[in-house]
Structure formats: C-alpha cells, structure tokens
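Here is the structure we will look at.
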Amino acid sequence: MLTTSTVRGIAPSGAAHQVRIGRDYHYYGDARYLACDTCGDQRQVTGPGARDAAEQHLVGDHGVCTACRTEFSPLPWLLGFVSLAAVFVAMIVAS
Numbered sequence: 336m337l338t339t340s341t342v343r344g345i346a347p348s349g350a351a352h353q354v355r356i357g358r359d360y361h362y363y364g365d366a367r368y369l370a371c372d373t374c375g376d377q378r379q380v381t382g383p384g385a386r387d388a389a390e391q392h393l394v395g396d397h398g399v400c401t402a403c404r405t406e407f408s409p410l411p412w413l414l415g416f417v418s419l420a421a422v423f424v425a426m427i428v429a430s
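Mind the numbering: the sequence shown is residues 336 to 430 in this note's numbering, read in order.
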C-alpha cells in the first residue's frame, strides 16, 4: 500500500492517533485503503470519501478530536513573509 495522506488526532487522554490513507493498484483498478496505526484496523474504502472514513474511524472507535490536529505549522508562512519583506527592503535600498 502506498500511503498518500494521513489523518491525525488527539484523544482526550492526550494520546495521539493516526490513520494512514493509501492506494494500491490491482489488475481491476486502483483501491483506497485505511490503516489505523493505533488498533491495526485495515479496510478498503470505496468512493471518494477516504478522508471522511478515516475521521469517522478516529472519532467513533478512539474518541479522537480530529479538529485538534496540529499538523500545520505557521513557520513556513512566517518565513515567507520575512523573505518578502527582505526583498522589498532590498528593492527600496537599491532604488
């Protein structure tokens, strides 16, 4: 299974849970799979709702708050704005 994305969440106890969404190719077409790293559950998902199925598994089976994910960091945005400001300053000084 080729992992294409992950859904992470934090339980009320503070434990982190993760479900990997993957894709596998067969002679009859591609198939989407979910693999839970916490309980080891693996299942095939039909249709485009793989991310929703992963969130439902985390909420229903593990009591996880999927809205509490911390997978996105503000650091790239901050570095981008600082770099942009540095370019503007350099342009003003050069003119």
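We put the CB at the ideal spot given by N, CA and C, even for glycine.
For residue j and residue i, believed in contact at Cβ under 8 Å, the rounded distance
i: Ala366; j: Asp359; result: 5 Å
i: Gly395; j: Pro347; result: About 14 Å; that fails the 8 Å criterion.
Distance between residue j and residue i (C-alpha atoms, nearest Å)
i: Thr381; j: Val417; result: 44 Å
i: Asp372; j: Gly384; result: 19 Å
i: Ala350; j: Gly344; result: 9 Å
i: Val428; j: Ala421; result: 11 Å
i: Leu410; j: Val424; result: 21 Å
i: Gly415; j: Ser430; result: 23 Å
i: Met426; j: Leu337; result: 46 Å
Identity of the residue in the options nearest residue i by Cα
i: Val342; options: His361, Gly415 and Cys400; result: Cys400
i: Gln377; options: Tyr368, Ser430, Gly344 and His397; result: Tyr368
i: Thr339; options: Arg386, Ile427, Trp412 and Leu419; result: Arg386
i: Cys361; options: Gly375, Cys374 and Gln379; result: For the sequence presented, residue 361 should be read as His rather than Cys. Here the closest residue by C-alpha is Gln379.
Neighbour flag for residue i against chain B, beta carbons, 7 Å
i: Pro347; result: No chain B is present in this structure, which holds just one protein chain.
Residue interval of the beta strand (DSSP E) (run including residue i)
i: Gly364; result: Gly364 to Cys371
i: Gly344; result: Leu337 to Ile345
i: Ala351; result: Ala351 to His361
**Prompt:** Quick check: the segment 352-361 against the segment 386-396, are there 3 or more CB pairs under 8 Å?
**Reply:** yes
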